[in-house]
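J.: Got a structure here, written out as structure tokens. Questions coming.
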Amino acid sequence: MAVTEPAPAPPLAAHEGILRRQSLRESAARTYARSLPIVPVRARGLTIEGADGRRYLDCLSGAGTLALGHNHPVVLEAIKKVLDSGAPLHVLDLATPVKDAFVTELFSTLPRQFADDARVQFCGPAGTDAVEAAFKLVRAATGRSGLLAFTGAYHGMTEGALAASGGAEDVRVTRLPFPQDYRCPFGIGGEAGARTAARWTENLLDDPKSGTPTPAGMILEPVQGEGGVNPAPDGWMRRMREVTETRSIPLIADEVQTGVGRTGAFWAVEHSGIVPDVMVLSKAIGGSLPLAVIVYRSELDTWQPGAHAGTFRGNQLAMAAGTATLAYVRENGLAERAGVLGGRMLANLRSLAADHPCVGDVRGRGLMIGVEIVDPEARPQGTGTEPPPDPVLAAAVQQECLSRGLIVELGGRYSTVVRLLPPLTLTDEQATAVVDRLADALAAAERSPHRRLPTGSLR
Ligand code: PMP
């Protein structure tokens, strides 16, 4: 009997080859690349074009980095200007005109009371580097070692930052309840829930047998991003400021994701009017290139020369791109615009919830928006009254978004919060297109039979 040869596999399209080689050669720890199998080759504003010719509306925006979207002309212009000037690209932490302009612009955007008496430290270029620098600073300044951080927090992936994050496995940080309306740990929500959370913190610090000695600092996000888009109530923020101030505990505001207009104020601490002791800044301040700094009250500046060093602290292109971004956001009132447009998108998404029982909650501040996906048919777990989160359905919603040309992130405690972080330059028409595509994706995901995880298997 003649043996027929199997037909040769059709040649892979170029982008398929790239994706295949990526999955063979890159770490198992790769993240976004798993759920977003796209090979971007061109991008402008909200839009990314893949090597396969498909176009996507990008509401991930480099995990909230791209305040002006991809390749904004003012950013490209600023980068080209440095390149054409013959200025050195690598300068360690030496003074340059580019850096001088960046610091001047950055300080002009910061709350006056804070900026008037602040120092800036350029650290390694990632948000997590700045978090480490902040911890080291407050430890040096106070001579204490402990830290206070919150449930659901995200501060980065290096050792200290990870220990302060909600996913930490070794516990060297005292964990405090972050107020949340939906799934409030006290079953109360609202102002009363936030008051209870604040009281817990105060009590822990004042009880001599609480097991928590006075710490070196407290770190918080004004809106938890990766933790599922949980805006801290302004009253609670003010309470945390009082609680820390009266006990001489430096308060560190991690504005890596909330900064540069994202939440409807240039810096999210402005909503509550608090003045922190340390601000941790990265992402948007580099105008899409890597840059991170801490800015802090001068009184904390007790560091010895070289106490916190590093080779890559002088990225001139990032500083120029950052200066252009900060100035553009300031001059064009993009923070206010984010507040108005974000409010409208939140209202539109909330009205969607009526038709989509899998939408458990819609929340956010400015253009930092989250839609929590639940299993409406399952009974609430434990003491909660809300339906349980549905990570499988949330992943299906993300994939349905992608097939409709919309890129969204998943975050939150159970990876069930669809996150929207569009650029602040989003137009009204683009905002409508984003909400429409998400609505279609929700309907399609609800129709598709998705595998339910057995109760208790959520991680
Ligand atoms: N802090 C916050 C609030 C963040 O959202 C992130 C990143 N998502 C980080 C710190 C860490 O930043 P990076 O990934 O640049 O290290």
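Take any residue in the sequence shown, count from 1 to its spot, add 387: that is its number in the working numbering. The C-beta atom is built at its ideal place from N, Cα and C for all residues, glycine as well. These figures come from a predicted structure and were not determined experimentally.
#1: If you draw a straight line from the alpha carbon of D593 to that of T496, how long is it in whole angstroms?
#2: If you count every other CB in all the chains shown that lies within 10 Å of the CB of V784, and 16 or more means buried, which is it?
#3: How far does the beta strand (DSSP E) with D503 in it reach, from first residue to last?
#4: Determine, using beta-carbon pairs with one atom in the region 648-662 and one in the region 695-705, whether at least three such pairs fall under 8 Å.
#5: Use the C-beta contact count for N617: other C-beta atoms within 10 angstroms, 16 or more gives buried, fewer gives exposed.
#6: What does the Cβ neighbour count give for R442, buried or exposed, with the cut at 16 atoms within 10 Å?
#7: Suppose the cutoff is 6 Å on Cβ atoms and the five residues either side in sequence are ignored; what does the same chain contact list for Q500 look like?
#8: Does the distance from the C-beta atom of V461 to that of Y715 stay below 8 Å?
#9: Applying the 10 Å Cβ sphere with the 16-neighbour rule, what's the burial state of S552?
#10: When you compare only the Cα positions, how much space is there between A828 and C788?
#11: Helix or strand or just coil, what does DSSP make of A830?
#12: How would you label D815, buried or exposed, when you count the other beta carbons within 10 angstroms and need 16 or more for buried?
#13: Enumerated in chain order, which unbroken segments of the beta strand (DSSP E) with a length of 3 residues or greater are wholly contained in the region 668-731?
#14: I'd like the span of the beta strand (DSSP E) that includes A488, first residue to last.
#15: Using only the alpha-carbon positions, how far apart do S844 and T803 sit?
#16: Quick check for students: name the residue ranges of the beta strand (DSSP E) that lie wholly in the region 503-531, counting only runs of 3 or more.
#17: Can you name the start and end residues of the alpha helix (DSSP H) that V643 belongs to?
#18: Using the three-state DSSP reduction, which class does D621 fall into: helix, strand or coil?
#19: Give the straight-line distance between the Cα atoms of E368 and V485, rounded to the nearest whole angstrom.
#20: Using DSSP with H/G/I as helix, E/B as strand and the rest coil, what is L793?
#21: Can we count Y541 as close to the ligand PMP, meaning its CB is less than 7 Å from some heavy atom?
#22: Could you tell me the boundaries of the alpha helix (DSSP H) in which L406 lies?
#23: At the level of alpha carbons, what is the spacing between Q644 and A396?
#24: Looking at V749: is its Cβ nearer than 8 Å to the Cβ of A741?
#25: Can you find at least 3 beta carbon pairs, one from the region 561-580 and one from the region 531-548, that sit closer than 8 Å?
#26: Can you tell which of H658, M544, P677 and R531 has the C-alpha that lies nearest to the C-alpha of M605?
#27: Whole angstroms are fine: how far does the CA of D516 sit from the CA of Q786?
#28: Please classify E613 as buried or exposed, where buried requires at least 16 neighbouring CB atoms within 10 angstroms.
#29: What residue does the beta strand (DSSP E) around D762 start on, and which one ends it?
#30: Flag R625 as yes if its beta-carbon sits less than 8 Å from any beta-carbon of chain D, otherwise no.
#31: Near N590, what residues of its chain come up, given a Cβ to Cβ distance below 8 Å and the 5 sequence neighbours on each side ignored?
#32: Under 7 Å Cβ to Cβ from A527, same chain only, skipping five residues before and after it: list those, please.
#33: Under 8 Å by Cβ, that's how I've got P810 and G456 pegged, so tell me the actual separation to the nearest angstrom.
#34: Return helix, strand or coil for F636, following the three-state DSSP convention.
#35: Return yes when the Cβ of P620 is within less than 8 Å of the Cβ of E578, no when it is not.
T.: Considering the structure as presented:
#1: The straight-line gap separating the alpha-carbon atoms of D593 and T496 is approximately 36 Å.
#2: buried
#3: Per DSSP, D503 belongs to no beta strand (DSSP E) and is neither H nor E.
#4: The answer is no - the region 695-705 does not touch the region 648-662, with fewer than three Cβ pairs under 8 Å.
#5: With 16 or more neighbouring CB atoms inside 10 Å of its own CB, N617 falls in the buried class.
#6: exposed
#7: V662
#8: yes
#9: buried
#10: 5 Å
#11: helix
#12: exposed
#13: 680-684
#14: Counting along the chain, A488 falls outside any beta strand (DSSP E), though it belongs to the alpha helix (DSSP H) covering P484 to T496.
#15: Residue confidence for S844 is low, a pLDDT of 40 falling below 50, so the modelled location carries little weight; the figure read from the coordinates is stated next. Cα to Cα, S844 sits roughly 14 Å from T803.
#16: 505-509
#17: First-last for V643: undefined, no H or E at that position.
#18: If DSSP states are grouped into helix, strand and coil, D621 belongs with the helices.
#19: Not covered by the structure: residue 368. The range shown for the chain is 388 to 846.
#20: strand
#21: yes
#22: L406: member of the alpha helix (DSSP H) spanning A401 to R412, first to last residue.
#23: Going from the Cα of Q644 to the Cα of A396 covers about 45 Å.
#24: no
#25: Contact holds: three or more Cβ-Cβ distances are below 8 Å.
#26: R531
#27: 32 Å
#28: In the assembly as shown, E613 is a buried residue. Its beta-carbon has 16 or more other beta-carbons within 10 Å.
#29: D762 -> no beta strand (DSSP E), and no H or E assigned at all.
#30: No chain D appears in the structure shown, which is made up of a single protein chain.
#31: S597
#32: T689, W690 and A694
#33: 3 Å
#34: In the sequence under discussion, the amino acid at residue 636 is Ile, which differs from the Phe named in the question. Correct three-state label for I636: coil.
#35: yes
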